[in-house]
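Numbering follows this note's numbering, in which position 225 of the sequence shown is assigned residue number 225; successive positions increment by one, without gaps. No residue lacks a Cβ here, since even glycine has one placed at the ideal position from N, Cα and C. Note that this is a predicted model, so its numbers are computed, not measured. A short worksheet on the structure shown next.
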Amino acid sequence: MNEEQSVEFGLDTFGDVTAGPDGKRLPYAQVIRDVVEQAVLAERVGVDAFGVGEHHRDDFAVSAPEIVLAAIAARTSTIKLGTAVTVLSSDDPVRVFERFATLDAVSNGRAEITLGRGSFTESFPLFGFELRDYEKLFSEKLDLMAHLLDEGPVTWSGTVRAALDKQEVYPKTESGRISTWIGVGGSPESVVRAASYKLPLVLAIIGGEPARFAPYVELYHRALSELGAPTLPVAVHAPGFVAETDQEAADTLWPHLRVIMDRIGRERGWPPMTRRRFDSDIAEGALHVGSPETVAQKIARTVTALGIQRFDLKYSNGTLPHDVMCRSIELYGTRVIPRVRELLAD
């Protein structure tokens, strides 16, 4: 199979709370309904996969992505439906499996899970977990999840939840396994851990030149080889936005992305985002922003440099309005994806 045939193209959203026509924040309920409409549009224009993030803070509307995905499943028929990401550390693996096995049933086998730690920590105090247990929670729960994915009797013990002794978990899936990825931010340990569980890898590239992540892809494949595991797919999740021209894309995105980046920056001690840095991130960094041709060229470079099998564009960015995101989705599906396939074929 050649590279052009093997690459899938997806869209990811965190359900960012958006601005209405009057510039004011929309209610959470409207944002969630808009996410469903965006996914329906994504399937209509030929996108392969749609991912919804999980957050527990006031600038994102989606805290229960499986329910949103189930609503999308009822109105679509082919697009793969997954998460970006499921915060396993503060959830229960058994319930995660049950919810996604149910989603897999109602979607006729289209459910996917991306397991990760998440980039925020609000879920820890919300669900009664200590941040000092950050590593242990994810490590033990991932180990249990790996057992659950085999869909047989589970015997497991650890320190973060009750042990299981030959326990069956239901419902079982029709295929016998839910498609499950591990999302990582770029630490070698996380990459090797994904390989050790023989799970596909998603690299979240939110800063810097995508090509600099090539050593992580190489490490992942080397670890799989040393474990005697088959070759598994690698995906990239990266932010972006498509408009008719490069200038329109940058000028439209800038004020909305700045809102969320400056808020996160205040929380984490980063300096305010400047237009110069923003433009630099478009030219040389992780932002896949511009006209359909510009975005297609950059995605093709990312795919080629890393040898990946899926590219997921995180199309929601701060307070970008719903209609603006829908136009970006339309351009991504009808013009960007076909152009990337042409470039990869050449």
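DSSP three-state assignment for residue i, whether helix, strand or coil
{"i": "W156", "result": "strand"}
{"i": "K141", "result": "helix"}
{"i": "G265", "result": "helix"}
{"i": "S179", "result": "strand"}
{"i": "R57", "result": "coil"}
{"i": "N2", "result": "Summary for N2: the model assigns pLDDT 43, below 50, so the residue's position carries little reliability, and this model does not support an answer."}
{"i": "P27", "result": "coil"}
{"i": "T83", "result": "strand"}
{"i": "T78", "result": "coil"}
{"i": "D48", "result": "coil"}
{"i": "V17", "result": "coil"}
{"i": "A229", "result": "coil"}
{"i": "F129", "result": "coil"}
{"i": "A400", "result": "Since the first and last residues shown for the chain are 1 and 346, residue 400 lies out of range."}
{"i": "F241", "result": "strand"}
{"i": "V62", "result": "coil"}
{"i": "T334", "result": "helix"}
Boundaries (first-last residue) of the beta strand (DSSP E) holding residue i
{"i": "K166", "result": "164–167"}
{"i": "I113", "result": "112–116"}
{"i": "D377", "result": "In the structure as shown, the chain starts at 1 and stops at 346, and residue 377 therefore has no counterpart that could be examined."}
{"i": "A73", "result": "Careful: A73 lies outside any beta strand (DSSP E), inside the alpha helix (DSSP H) at 65–73."}
Proximity of residue i and residue j at Cβ, strictly below 8 Å
{"i": "L11", "j": "V47", "result": "yes"}
{"i": "F213", "j": "L344", "result": "no"}
{"i": "A70", "j": "V106", "result": "yes"}
{"i": "D59", "j": "D16", "result": "yes"}
{"i": "V35", "j": "V52", "result": "yes"}
{"i": "H56", "j": "S123", "result": "yes"}
{"i": "Q96", "j": "V169", "result": "It is worth fixing the name first, because residue 96 is Val in this sequence and not Gln. The answer is no: Cβ separation not under 8 Å."}
{"i": "F9", "j": "I337", "result": "yes"}
{"i": "G116", "j": "G183", "result": "yes"}
{"i": "V242", "j": "V295", "result": "yes"}
{"i": "T13", "j": "P321", "result": "no"}
{"i": "G290", "j": "D246", "result": "yes"}
{"i": "G176", "j": "E151", "result": "yes"}
CB-CB length for residue i against residue j, believed under 8 Å
{"i": "T114", "j": "P171", "result": "Not quite, the Cβ-Cβ distance comes to about 21 Å (not below 8 Å), so this is no contact."}
{"i": "G240", "j": "H288", "result": "3 Å"}
{"i": "V191", "j": "Y216", "result": "5 Å"}
{"i": "G265", "j": "E209", "result": "Actually they are not in contact, since the Cβ atoms of G265 and E209 sit about 21 Å apart, beyond 8 Å."}
{"i": "I205", "j": "A250", "result": "With a Cβ gap of about 19 Å, I205 and A250 do not count as contacting."}
Range covered by the alpha helix (DSSP H) that runs through residue i
{"i": "P338", "result": "337–345"}
{"i": "K314", "result": "Taken as a continuous stretch (DSSP letters only), K314 belongs to no alpha helix (DSSP H), being part of the beta strand (DSSP E) at 310–314."}
{"i": "V96", "result": "93–106"}
{"i": "A305", "result": "292–306"}
{"i": "L201", "result": "Counting along the chain, L201 falls outside any alpha helix (DSSP H), though it belongs to the beta strand (DSSP E) covering 201–204."}
{"i": "V192", "result": "188–196"}
{"i": "V324", "result": "322–331"}
Residue i beta carbon near the ligand PLP (any heavy atom closer than 7 Å)
{"i": "D48", "result": "As for the ligand PLP, it is missing from this structure, which has no ligand bound."}
TODO: Tell me, please, whether the region 314–322 touches the region 264–273 by the rule of three or more beta-carbon pairs shorter than 8 Å.
DONE: no
Open item on the list: Does the structure place the region 24–43 close enough to the region 65–82 that three or more beta carbon pairs sit under 8 Å?
Closed with: yes
TODO: Check whether the region 155–163 touches the region 184–192, taking contact to mean three or more Cβ pairs, one atom from each stretch, closer than 8 Å.
DONE: no
Open item on the list: When you compare the region 290–301 with the region 254–261, are there three or more beta-carbon pairs, one atom per stretch, that lie closer than 8 Å?
Closed with: no
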